[in-house]
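Student: Quick note on the numbering used here: the sequence shown kicks off at 9 and runs consecutively.
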Amino acid sequence: MNDHRDKSFWLDTHPPYEENQPLEGLQRVDVAVLGAGFTGLSTAYHLRRAEPSLRVAVLEAEIVGFGASGRNGGFSMTLFGMQPALTKAMFGAARTREAQRYMERAVDLVDAMVREHDMQSDYWHPGYLHVATTDAHMRRIEKAARLLEELGIAGHELLDRQAVRERVDSPLFVGGSFEARCGILNPARHVRELKRVAEAAGAEVYERSPVESIERGTRFCLRTPGGTVEAERVVIATNAWSHLLAGLRSREAPVFTHMVVTEPLNEKQWEAIGWAGREGLEDARNIIHYLRPTADGRIAIGGYRLSVSFGRDMDHDLNPNAFAGLERNLVSMFPPLAGVRFTHRWGGPVSVTADLVPAIGQLGDARCVYSVGCIGHGVSLTHLNGQTLADLVLERSSELTETWFVNRRVFPWPPEPLRALATHAILGYMKVEDRVLEGNKWG
Ligand SMILES: Cc1cc2nc3c(=O)[nH]c(=O)nc-3n(C[C@H](O)[C@H](O)[C@H](O)COP(=O)(O)OP(=O)(O)OC[C@H]3O[C@@H](n4cnc5c(N)ncnc54)[C@H](O)[C@@H]3O)c2cc1C
Numbered sequence: 009m010n011d012h013r014d015k016s017f018w019l020d021t022h023p024p025y026e027e028n029q030p031l032e033g034l035q036r037v038d039v040a041v042l043g044a045g046f047t048g049l050s051t052a053y054h055l056r057r058a059e060p061s062l063r064v065a066v067l068e069a070e071i072v073g074f075g076a077s078g079r080n081g082g083f084s085m086t087l088f089g090m091q092p093a094l095t096k097a098m099f100g101a102a103r104t105r106e107a108q109r110y111m112e113r114a115v116d117l118v119d120a121m122v123r124e125h126d127m128q129s130d131y132w133h134p135g136y137l138h139v140a141t142t143d144a145h146m147r148r149i150e151k152a153a154r155l156l157e158e159l160g161i162a163g164h165e166l167l168d169r170q171a172v173r174e175r176v177d178s179p180l181f182v183g184g185s186f187e188a189r190c191g192i193l194n195p196a197r198h199v200r201e202l203k204r205v206a207e208a209a210g211a212e213v214y215e216r217s218p219v220e221s222i223e224r225g226t227r228f229c230l231r232t233p234g235g236t237v238e239a240e241r242v243v244i245a246t247n248a249w250s251h252l253l254a255g256l257r258s259r260e261a262p263v264f265t266h267m268v269v270t271e272p273l274n275e276k277q278w279e280a281i282g283w284a285g286r287e288g289l290e291d292a293r294n295i296i297h298y299l300r301p302t303a304d305g306r307i308a309i310g311g312y313r314l315s316v317s318f319g320r321d322m323d324h325d326l327n328p329n330a331f332a333g334l335e336r337n338l339v340s341m342f343p344p345l346a347g348v349r350f351t352h353r354w355g356g357p358v359s360v361t362a363d364l365v366p367a368i369g370q371l372g373d374a375r376c377v378y379s380v381g382c383i384g385h386g387v388s389l390t391h392l393n394g395q396t397l398a399d400l401v402l403e404r405s406s407e408l409t410e411t412w413f414v415n416r417r418v419f420p421w422p423p424e425p426l427r428a429l430a431t432h433a434i435l436g437y438m439k440v441e442d443r444v445l446e447g448n449k450w451g
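1) Once you ignore the five residues that flank Glu-174 on each side, which residues in its own chain have a CB closer than 8 Å to its CB?
2) Throw me the rounded Cβ distance for the Pro-420 and Ala-362 pair, which I believe falls under 8 Å.
3) Pro-327: buried (16+ other C-beta within 10 angstroms of its C-beta) or exposed?
4) Can you tell me whether Ser-61 is helix, strand or coil according to DSSP?
5) Asp-291 and Val-139 look like a contact to me (Cβ under 8 Å); what is the Cβ gap, rounded to whole Å?
6) Considering just the uninterrupted stretch of the alpha helix (DSSP H) at His-328, what are its terminal residues?
7) Measure the alpha-carbon distance for Arg-13 versus Leu-408 and round it to whole angstroms.
8) Could you give the first and the last residue of the continuous beta strand (DSSP E) run that contains Thr-431?
9) Please list the terminal residues of the continuous alpha helix (DSSP H) segment that includes Val-401.
10) If you count every other CB in all the chains shown that lies within 10 Å of the CB of Leu-87, and 16 or more means buried, which is it?
11) Please indicate yes or no: does the CB of Met-267 lie closer than 7 Å to some heavy atom of ligand 1?
12) For the candidate residues Gln-277, Thr-390, His-145, Ala-254, whose alpha-carbon lies nearest to that of Leu-345?
13) Would the beta-carbon of Pro-366 be found less than 7 Å away from any heavy atom of ligand 1?
14) Which runs of the beta strand (DSSP E) at least 3 residues long sit entirely within the stretch 287 to 311? Give them in chain order.
15) Consider the C-beta atom of Pro-420 and the heavy atoms of ligand 1; say whether any pair is separated by less than 7 Å.
16) Please name the residue in Thr-51, Phe-46, Ala-153, Asp-130 whose C-alpha comes closest to that of Ala-93.
17) If we count the other Cβ atoms within 10 Å of its Cβ and call it buried at 16 or more, is Lys-203 buried or exposed?
18) Taking the straight line between their C-alpha atoms, what separation do you get for Pro-425 and Leu-42?
19) Please report the Cβ distance between Val-199 and Gly-184, rounded to the nearest whole angstrom; I am assuming they are in contact, meaning their Cβ atoms lie under 8 Å.
20) Taking 7 Å as the line, does the beta carbon of Pro-301 fall inside it for any heavy atom of ligand 1?
21) Leaving out the 5 sequence neighbours to the left and right, which residues in its chain are closer than 6 Å to Glu-220 when beta-carbon positions are compared?
22) Kindly give me the distance between the Cβ atoms of Thr-236 and Leu-67, rounded to whole angstroms, as I take these residues to be in contact under 8 Å.
23) Can you give the Cα-Cα distance for Val-176 and Tyr-25, rounded to whole angstroms?
24) Short of 7 Å in beta carbon distance, which residues of its chain neighbour Ser-77, apart from the five on each side in sequence? Order them along the chain.
25) Where does Trp-354 sit, in a helix, a strand or coil, going by DSSP?
26) Going by alpha carbons, who is nearest to Leu-392 out of Asp-116, Lys-15, Gly-234?
27) Under 6 Å Cβ to Cβ from Glu-223, same chain only, skipping five residues before and after it: list those, please.
28) For the beta strand (DSSP E) containing Arg-231, name the first residue and the last one.
29) Looking at the structure shown, is Ala-254 part of a helix, part of a strand, or coil, going by DSSP?
30) Tell me whether Met-322 counts as near ligand 1, meaning its Cβ is closer than 7 Å to at least one heavy atom of that ligand.
31) By Cβ distance below 7 Å, which residues in the same chain neighbour Arg-113 in space, the five residues on each side in sequence not counted?
32) Whole angstroms are fine: how far does the CA of Pro-30 sit from the CA of Gly-381?
33) Using C-beta distances below 7 Å, list every residue in its chain close to Ala-261, excluding the 5 sequence neighbours before and after it, in chain order.
34) Would you decide whether Ser-405 is buried or exposed? Buried here means 16 or more other CB atoms lie within 10 Å of its CB.
35) With respect to the beta strand (DSSP E) encompassing Val-243, which residues constitute its N-terminal and C-terminal limits?
36) Decide if Thr-226 is buried, meaning its Cβ has at least 16 other Cβ atoms within 10 Å, or exposed.
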């Protein structure tokens with residue numbers, strides 16, 4: 009049976025994993041959750057915590073963390089949507105502030121859960137560095153920091169060239185900003201710890217249990233190859249796979265991002281780079297580079313190129329051009345790494361709504377809820393979304409359920425081939441702007 013270790017460095021290097029049994033026979037539950045990533049497991053945990061009498065079953069098509077939750081960069085960060093300026097232009101100042109507050113709460117929730125449950129997630133709390141490699145990118149970072157300040161959001165400290173290079177010494181970095189609030193974790197370790205925490209709270213998790221059909225009657229009837237679940241309520245936490253489900257077809261589309269990781273660096277290499285604070289670091293391109301040290305002394309870097317799919321196709325984890333570019337660009341950032349070996353290359357899908365911000369809400373009626381559109385910023389967001397989804401399932405009005413991107417009207421993606429044309433057009437624009445703002449820096 010495929011253990012999916014090839015899906016990421018994190019899944020490959022996590023200690024042997026013991027899967028739960030697939031669903032068998034008929035189970036009657038209060039709430040069925042589709043998908044065992046951060047969203048599904050956090051929802052199950054928050055449901056059981058709020059209502060310990062509920063029977064909650066999580067059904068995962070493959071294994072816990074098979075999706076983006078076991079493959080990501082591990083940045084627990086406050087960025088909402090693409091950029092604060094874009095969110096403000098599309099949704100206004102008040103909603104941008106509200107979204108930013110939600111993200112801050114999400115980052116704090118991850119931190120609190122790790123501490124409360126002693127989660128062995130290789131989590132640390134180094135803050136987040138946003139770096140510029142051109143003057144135009146520095147102006148973009150300054151504009152974002154100014155905008156957040158105007159909105160009353162504190163904690164984004166601007167850094168000049170010297171201050172950035174004292175933290176991480178790349179000849180390409182011309183300045184940046186620093187946000188102390190943010191954390192970083194090993195996603196595979198974390199999602200499997202989240203399974204432990206959800207189970208300890210009383211949720212059941214079934215792996216290798218893809219939901220193949222959902223019938224809606226007085227109760228929901230969910231069928232997997234080995235069993236059936238009858239549920240009063242359903243939570244759809246299938247992220248970038250959600251467009252494969254009838255009711256969510258037009259609400260999100262998958263876009264694939266890719267990562268590589270070096271062999272462990274030696275002391276001399278780390279000394280040449282600095283990076284003693286081990287912060288998560290992103291640049292300010294549209295199609296960003298995101299990079300971070302790992303607990304065992306490597307650098308993992310992702311981004312630079314994205315892959316888009318057509319229709320139901322989900323087979324874009326591997327992109328040789330992205331891998332080659334990331335390996336080349338890491339050495340451009342850090343010349344002392346010339347000749348370093350890369351040991352793992354992987355990718356995974358993120359869920360993108362047509363207006364690039366998340367959507368959480370009811371599907372049909374209050375008995376079925378869903379969450380999509382966390383794009384590449386879902387590590388923290390999904391944890392708090394789990395609490396929001398739990399409130400929606402319990403029909404408890406809360407500050408979370410009143411957030412503007414909950415139960416909002418979702419601008420639909422058009423049907424194929426128009427969806428592919430639209431995603432290619434948006435990506436094409438982003439690429440051209442990157443090229444204009446930074447010239448031929450990355451070849
Ligand atoms: C390479 C990469 C790097 C990223 N880096 C970052 C980062 O550094 N910081 C950040 O904030 N975000 C990052 N993200 C985004 C972040 O990982 C996601 O937003 C987040 O993990 C989404 O969690 P989720 O639980 O909603 O979805 P997922 O983890 O994708 O889980 C969905 C699950 O649903 C299951 N499923 C699908 N269909 C069915 C079905 N029919 N029946 C049962 N189960 C089903 C899938 O198998 C999957 O396990 C990155 C994403 C990728 C791919």
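In this text, a Cβ means the ideal position worked out from N, Cα and C, and glycines have one as well.
Tutor: Short version:
1) Within the same chain, and ignoring the five residues on either side of Glu-174 in sequence, the residues whose Cβ sits closer than 8 Å to its Cβ are Gly-282.
2) Indeed they touch by this definition, with Cβ atoms about 6 Å apart.
3) In the sequence under discussion, the amino acid at residue 327 is Asn, which differs from the Pro named in the question. Buried, by the Cβ-count rule.
4) The DSSP-derived three-state label of Ser-61 is coil.
5) Confirmed, about 5 Å.
6) Position check: residue 328 holds Pro in this sequence, whereas His was assumed. From DSSP, the alpha helix (DSSP H) with Pro-328 extends over 328 to 341.
7) Cα to Cα, the separation comes out at about 36 Å.
8) Going by DSSP, Thr-431 is part of no beta strand (DSSP E) but of the alpha helix (DSSP H) stretching over 426 to 446.
9) Element bounds for Val-401: 386 to 401.
10) With 16 or more other Cβ atoms within 10 Å, it is buried.
11) Yes, ligand 1 has a heavy atom inside 7 Å of this Cβ.
12) Taking Leu-345 as reference, the option from Gln-277, Thr-390, His-145, Ala-254 with the minimal CA-CA separation is Gln-277.
13) Every heavy atom of ligand 1 is 7 Å or more from the Cβ of Pro-366, so no.
14) Fully enclosed beta strand (DSSP E) runs of 3 or longer: 288 to 291, 297 to 301.
15) No.
16) Here the closest residue by C-alpha is Ala-153.
17) Under a 10 Å Cβ-count criterion, Lys-203 is classified as buried, with 16 or more other Cβ atoms of the shown protein chains found around its own Cβ.
18) So the alpha carbons of these two residues sit roughly 28 Å apart.
19) Contact between Val-199 and Gly-184 fails: their C-beta atoms lie close to 30 Å from each other, not under 8 Å.
20) Pro-301 Cβ: outside cutoff for every heavy atom of ligand 1.
21) These residues qualify, in order along the chain: Arg-231.
22) Beta-carbon to beta-carbon, Thr-236 and Leu-67 are separated by about 11 Å, too far to satisfy the 8 Å threshold.
23) C-alpha separation (whole angstroms): 35 Å.
24) Cβ neighbours of Ser-77 beyond the five flanking positions: Gly-45, Phe-46, Pro-195, Val-199.
25) In this structure, DSSP gives Trp-354 an extended state, which the three-state scheme calls strand.
26) Closest by alpha carbon: Asp-116.
27) Hits under 6 Å: Cys-229.
28) 228 to 231 is the extent of the beta strand (DSSP E) around Arg-231.
29) When secondary structure is reduced to three states using DSSP, Ala-254 falls in the helix class.
30) Flag unset: Cβ of Met-322 not near ligand 1.
31) The beta carbon of Arg-113 sits closer than 7 Å to those of Leu-392, all from its chain and outside the five residues before and after it, given in chain order.
32) Gly-381 and Pro-30 have their C-alpha atoms some 28 Å from each other.
33) Only His-251, Val-360, Trp-421, Arg-427, Thr-431 meet the Cβ criterion.
34) Exposed, because fewer than 16 other Cβ atoms sit within 10 Å of the Cβ of Ser-405.
35) In the DSSP annotation of this structure, the continuous segment of the beta strand (DSSP E) that includes Val-243 starts and ends at 235 to 244.
36) Exposed: under 16 other Cβ atoms inside 10 Å.
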